[in-house]
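J.: The numbering used here puts the first sequence at residues -11 to 574.
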Amino acid sequence: MLLERFLEARASAAVQAALELAEPTSALLRPTQDPRFGDFQLNAAMALGKQLGRPPRELAEKIAEKLRGEEFVASAEVAGPGFVNLTLDDAFLAKLVTDGLGDAEHLGVTPVDAPEKVIIDYSGPNIAKQMHVGHLRSTILGDAIARALEFRGHQVIRDNHLGDWGTQYGLLIVGMREFGDAKALEADPIVELERVYKLASERAKNDEDFAEAARRELKKLQDGDPENRALWKRFVDVTRRTIDEIYAELGVRFDLYLGESAYHDALAGVVRTLEERGIAREDEGAKAVFWGEVEGEVPAKLRKQKEPFLVQKRDGAYLYSTTDIATVLYRRDELGVDRALYVVDHRQALHFEQVFAVARLLGVTMELVHVGFGTVLGADGKPLKTRDASGAALTLAVLLRQAKERAAERIREGMAEGRLKVEEHEIPSLAKAVGIGAVKYADLMNNRTTDYRFDLDRMVSFTGNAGPYLQYVHARSASIFRKAGIDEASAVGPIRVTAPEEAKLVRRLVRFGDAVEKVATLYLPHILCEHLYDLASEFNAFYQACKVLDAEDEATKQSRLALVAATARQMRVGLGLLGIEAPERM
RNA sequence: GCACCCGUAGCUCAGCUGGAUAGAGCGUCGGACUUCGAAUCCGCAGGUCGUAGGUUCGAAUCCUACCGGGUGCGCCA
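Below is the structure:
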């Protein structure tokens, strides 16, 4: 069940009945910010008081009275100008958690009524370039959102829209012939490709013949010249080897790797269609959409825009705008998706608005969402540069390695202090789980929409609100079962709330489904991070205050074991949705 | 010129789409390990929510203006 949805529905019905309203109205249910006000508050009375011309507190009292009969309500009190403060019934909540134990996969969270086929486009690294920390966000966010959607019951297609096509390949081809080193390309492909690209693009700036040659080779490549095609294919293959290592490290996977090149053959047709429909027209030799003149539905913002949306260059080459339009059509016609998500830096917001607007003009009705995210900034507050000569390149591979190293150090400390019984050979996998988990959590805990400052120390920090804090709760839970010599799955309650810490923990556990639902509808994984952090805090408080194995009686022990099991499982599943491992010990 | 985003504790950030006395982490300082794991817990300190108006029972949140920072806008992706 989704608790908030359930409560909102029941409370709204109560409001309508209590006030004898003809139309249904929202109870304006919100979680309270202060436990003194109970668990949830209803704000409807104040809004309706104005509307109905009656004192809000009088309405609130009627609503409260109506709710007092509900089985999930412990108390309903009127407070302040007309709040109705709801305190939920402990036994009702405890039963929800106990019931959830029977559902190992979804923890009692019911799936959406109408599952959709959703394609999610994320990561999208460029061929011939190292993945750097800027790629982390799209990759991690996309993966977490995909998992949340799947958890809610949607069918998800993960697509890696590789940057494997475009003008840089002309440069790379002539560059490789001019400066390339076959041995280096084999040994460390991306380093060599980046070196060659840098030399070639510098040369092209001052050498018109060289630049011309690059354009010629690009044209040959795009026309299917076998030799250039083979070289290009090699660039793609060696890059794929490297990025796939990173994905394996991150535990990220894709169903499709349909890069830009996959749509090349469709581009001429797209432009032709746009012209035929009067959406695009020729101008100064190029083909473009002029938002002021096209007929049909166009967002007001674009209407006002002077600059056209270019779909073909004067020299006949296509742009990524054309590719993206072709991609939308492919996803509709060949994949039949209901929804397409683009997890891409928010600097491309205008680009996607334009792509989507063109798609609408072409009659595309599926939901198209640009899931934009903030830019990763360096310590100076400027977008993090990685290609620049100044300072060592901070690649994703380097970041992940450092995170793992620090985690390994930490594990060795624990072993030395005797807190941890870990075999030497377990260290690498454990360090990976903790190190990579810390990096992922540090990224995901930020609100997706805002820029954030990249700080390596913070990212591999293992204290406070950080990945390992959540993993630690899971490991502690697992440790209790190890010590008791029983299986987590055999702890089935029933849960009874006796201590205040148990009451708080239960109240957190029942809100898991709502958190995941928000991630899947708002595309904001940090909401789940926050939930799991709160869960961890409340578990730690419970752990501090309540004996589990040495509980005062057998029923309490069974209840608490079930509570520990529910926490462990929710933490494991929740971390799983974030793409973070939950080790049994750490 | 047009469009968009952001200003919240010393630092990094939440604040669930308008609710009550604005919350975390880090950092500082002080406590808690013979007791289910101290990567933990407890406590102290820290705020004109950029500024000024407006909307209303009620604003960090919505509107307007201004200040400050950033981004994107014909032939890159």
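Built from N, CA and C at the ideal position, the CB exists for glycine as well. In this text the structure is predicted, and so the values were computed from the model without any measurement.
1) Span of the beta strand (DSSP E) holding PRO19?
2) Determine whether the beta carbon atoms of TYR505 and LEU74 lie at a separation below 8 Å.
3) Rounded to whole angstroms, what is the Cα-Cα separation between ALA15 and GLN29?
4) Please say whether LEU384 and LEU36 have beta carbons closer to each other than 8 Å?
5) Just grab the DSSP bridge partners of LYS105 for me.
6) Taking 7 Å as the limit between beta carbons, can you name the residues of its chain near ALA79, skipping five residues before and five after?
7) Evaluate the contact criterion for the stretch 428 to 443 versus the stretch 359 to 371: three or more CB pairs, one atom per stretch, below 8 Å.
8) Which class does ASN73 belong to by DSSP, given the choice of helix, strand or coil?
9) For ARG165, is the classification buried or exposed, using 16 other Cβ atoms within 10 angstroms of its Cβ as the cut-off for buried?
10) If you pair each beta-carbon of the stretch 106 to 124 with each one of the stretch 203 to 219, do three or more pairs fall below 8 Å?
11) Residues in the same chain with beta-carbon distance under 8 Å from ASN434, minus the five sequence neighbours each way, listed in chain order, please.
12) Return the CA-CA distance between SER111 and LYS289, expressed in angstroms with no decimal places.
13) Between PHE450 and ALA421, is the Cβ-Cβ spacing less than 8 Å?
14) Taking the beta carbon of ASN148 as the centre, do at least 16 other beta carbons fall within 10 Å, making it buried, or is it exposed?
15) If I follow the unbroken alpha helix (DSSP H) through PHE28, where does it start and stop?
16) In the DSSP assignment, find the beta strand (DSSP E) that holds LYS545 and state where it starts and stops.
17) Might you give, ordered along the chain, the residues of its own chain that have their beta carbon closer than 7 Å to the beta carbon of VAL485, omitting 5 neighbours on each side?
18) Helix, strand or coil for ALA35? Go by DSSP, reduced to three states.
19) Please classify GLU393 as buried or exposed, where buried requires at least 16 neighbouring CB atoms within 10 angstroms.
20) Checking the sheet assignment: what are the DSSP bridge partners for TYR110?
21) Between which two residues does the beta strand (DSSP E) harbouring VAL357 extend?
22) Would you decide whether GLY369 is buried or exposed? Buried here means 16 or more other CB atoms lie within 10 Å of its CB.
23) If contacts are defined as beta-carbon pairs under 8 Å, then ILE178 and THR127 qualify, I think. What distance do you get, rounded to the angstrom?
24) Are the stretch 279 to 298 and the stretch 180 to 188 touching by the rule of at least three beta carbon pairs closer than 8 Å?
25) What are the partner residues of GLN300, as DSSP defines its beta bridges?
26) What first and last residue would you give for the beta strand (DSSP E) that runs through ASP333?
27) What does a CB cutoff of less than 6 Å around TYR306 pick up in its chain, not counting 5 residues either side in sequence?
28) Determine the extent of the alpha helix (DSSP H) in which SER465 is found, giving its start and end residues.
29) Would you kindly work out how many angstroms separate the C-alpha atoms of ALA454 and GLU518, rounded to a whole number?
30) Which of helix, strand or coil does DSSP assign to SER189?
31) So for ARG375, helix, strand or coil by DSSP?
32) For ARG484, name the three-state secondary structure that DSSP assigns.
33) I'd like the list of long-range same chain contacts for ALA6, defined as Cβ closer than 6 Å, with 5 residues on each side in sequence excluded.
34) Tell me the DSSP bridge mates of ALA92?
35) If you run the structure through DSSP and keep just helix, strand and coil, what is LEU(-10)?
36) Taking the continuous beta strand (DSSP E) assigned at GLU65, which residues delimit it?
T.: With the given structure in hand:
1) One-based indexing of the first sequence puts residue 19 at position 31. Taken as a continuous stretch (DSSP letters only), the beta strand (DSSP E) holding PRO19 covers 17 to 19.
2) Within the first sequence, residue 505 is the residue found at index 517, counting from 1. Within the first sequence, residue 74 is the residue found at index 86, counting from 1. One detail in the question is off: residue 505 reads as Glu in this sequence, not Tyr. Not closer than 8 Å, so no.
3) Mapped onto the first sequence, residue 15 falls at position 27. Mapped onto the first sequence, residue 29 falls at position 41. So the alpha carbons of these two residues sit roughly 9 Å apart.
4) As a first step, residue 36 is located in the first sequence; it is residue number 48 there, counting from the start. As a first step, residue 384 is located in the first sequence; it is residue number 396 there, counting from the start. Their beta carbons are not under 8 Å apart, which means LEU36 does not touch LEU384 by this criterion.
5) As a first step, residue 105 is located in the first sequence; it is residue number 117 there, counting from the start. Answer is GLN143, bridged to LYS105.
6) Counted from its first residue, the first sequence places residue 79 at position 91. If we look at ALA79 and ignore the five residues flanking it on each side, it has no Cβ neighbours.
7) yes
8) For this step, residue 73 is matched to residue 85 along the first sequence. In the structure shown, ASN73 sits in a strand (DSSP, three-state: E or B).
9) Within the first sequence, numbered from 1, the residue matching residue 165 stands at position 177. Under this definition ARG165 is an exposed residue.
10) no
11) Working through the first sequence from its first residue, we reach residue 434 at position 446. Answer for ASN434: GLY362, TYR440 and HIS514, listed in chain order.
12) Looking up residue 111 in the first sequence gives position 123. Looking up residue 289 in the first sequence gives position 301. So the alpha carbons of these two residues sit roughly 29 Å apart.
13) Your numbering for residue 450 matches position 462 in the first sequence. Your numbering for residue 421 matches position 433 in the first sequence. The answer is no: Cβ separation not under 8 Å.
14) Within the first sequence, numbered from 1, the residue matching residue 148 stands at position 160. So ASN148 ends up on the buried side.
15) Translated into the one-based positions of the first sequence, residue 28 becomes position 40. That residue, PHE28, is in no alpha helix (DSSP H); its beta strand (DSSP E) goes 28 to 30.
16) As a working note, residue 545 is residue 557 in the first sequence. No beta strand (DSSP E) holds LYS545; the alpha helix (DSSP H) holding it covers 542 to 565.
17) Locating residue 485 in the first sequence gives position 497, where the first residue counts as 1. Contacts found: ASP78, ALA82, ALA491 and VAL494.
18) As a working note, residue 35 is residue 47 in the first sequence. Three-state result, ALA35: helix.
19) On the first sequence, residue 393 is found 405 positions in, with the first residue counted as 1. GLU393 comes out exposed.
20) Along the first sequence, one-based indexing puts residue 110 at 122. DSSP, once it has assigned bridges, lists no residue as partnering TYR110.
21) Position 369 of the first sequence, counted from the first residue, corresponds to residue 357. Taken as a continuous stretch (DSSP letters only), the beta strand (DSSP E) holding VAL357 covers 355 to 361.
22) Start at 1 with the first residue of the first sequence, and residue 369 comes out as number 381. So GLY369 ends up on the exposed side.
23) Numbered from 1 along the first sequence, position 190 holds the residue referred to as residue 178. Numbered from 1 along the first sequence, position 139 holds the residue referred to as residue 127. ILE178 to THR127, Cβ: 16 Å. No contact.
24) no
25) Counted from its first residue, the first sequence places residue 300 at position 312. Partner(s): LYS275 and TYR306.
26) Along the first sequence, read from residue 1 onward, the residue named residue 333 stands at position 345. Counting along the chain, the beta strand (DSSP E) containing ASP333 begins and ends at 327 to 333.
27) In the first sequence, the residue the question calls residue 306 occupies position 318. Hits under 6 Å: LEU255 and GLN300.
28) Your numbering for residue 465 matches position 477 in the first sequence. Unbroken alpha helix (DSSP H) run through SER465: 455 to 472.
29) To locate residue 454, count along the first sequence from 1; it is residue 466. To locate residue 518, count along the first sequence from 1; it is residue 530. Distance between the alpha carbons of ALA454 and GLU518 is about 11 Å.
30) What you label residue 189 is simply residue 201 of the first sequence in a count that begins at 1. Reduced to three states, the DSSP call for SER189 is helix.
31) Here residue 375 refers to the residue found at position 387 of the first sequence. At ARG375, the pLDDT of 48 sits below 50, so the modelled position is not reliable; the number obtained from the coordinates is stated separately. Note: ARG375 maps to coil in three-state DSSP.
32) Position 496 of the first sequence, counted from the first residue, corresponds to residue 484. Reduced to three states, the DSSP call for ARG484 is coil.
33) Numbered from 1 along the first sequence, position 18 holds the residue referred to as residue 6. Excluding sequence neighbours, ALA6 sits near LYS50, ILE51 and LYS54.
34) One-based indexing of the first sequence puts residue 92 at position 104. DSSP lists no partner for ALA92.
35) Within the first sequence, numbered from 1, the residue matching residue -10 stands at position 2. Here LEU(-10) sits in coil by DSSP.
36) The residue labelled residue 65 in the question sits at position 77 within the first sequence. 61 to 67 is the extent of the beta strand (DSSP E) around GLU65.
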